Amino acid sequence: MAQGVASDFSKCPNHMRGADLRGASLGRSKFDGVDLSFAIFDHADVHGSTFYDTKLENASFLGANLAKANFFTANLRGANFTGATLTEDSLLFNSSWENTIMVDIRMEAV
164 MAQGVASDFS KCPNHMRGAD LRGASLGRSK FDGVDLSFAI FDHADVHGST FYDTKLENAS
224 FLGANLAKAN FFTANLRGAN FTGATLTEDS LLFNSSWENT IMVDIRMEAV
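Numbering (this note's numbering), first residue to last: 164 to 273.
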């Protein structure tokens, strides 16, 4: 049975700045167009989520599960992905990456 979007946060684009989502289980969620600057996703599970045209300046993804997540055209300036898990099909194209920290990233095969 196919599973759809777990949560759709794209309807509240101005209310997520600085959100504390540490350890949250938000797999397959939709964050399209949302301002998540300074948000904390440390150790959160956001696998399969979409972040199309999302503002993630200075967001923290320490140890987060980002398998199959899509960050197409996202603003990731200053974001911290230390210890995060990505997969070869995690899309990180056409995004802004200045001063982004990516240390000890785990790339897992799908």
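Note that the Cβ used here is the ideal one computed from N, Cα and C, for glycine as well. Since we're looking at a predicted model, the values are computed, not measured.
Once DSSP output is grouped into helix, strand and coil, what is the label at residue i?
i, result
"Ala182", "coil"
"Arg269", "strand"
"Leu254", "strand"
"Lys231", "coil"
"Thr248", "strand"
"Asn238", "strand"
"Asp195", "coil"
"Asn262", "coil"
"Lys218", "strand"
Please identify the residue among the options whose C-alpha is closest to the C-alpha of residue i.
i, options, result
"Asp205", "Ala222, His178, Glu251", "Ala222"
"Thr245", "Lys193, Ile264, Arg185", "Ile264"
"Ala230", "Ala187, Thr236, Asp208, Lys218", "Asp208"
"Asn238", "Leu184, Arg191, Ala169, Asp198", "Asp198"
"Leu219", "Gly181, Leu225, Cys175, Ile268", "Gly181"
"Asn233", "Trp260, Lys193, Arg240", "Lys193"
"Thr236", "Met179, Asn228, Ile268, Ser259", "Ser259"
"Leu225", "Asn262, Ala169, Arg185, Cys175", "Arg185"
Output the distance between the C-alpha atoms of residue i and residue j, rounded to the nearest integer angstrom.
i, j, result
"Leu254", "Asn177", "24 Å"
"Asp171", "Thr248", "22 Å"
"Gly196", "Met270", "26 Å"
"Val266", "Leu189", "23 Å"
"Thr250", "Ser173", "24 Å"
"Thr217", "Gly241", "14 Å"
"Arg191", "Phe214", "11 Å"
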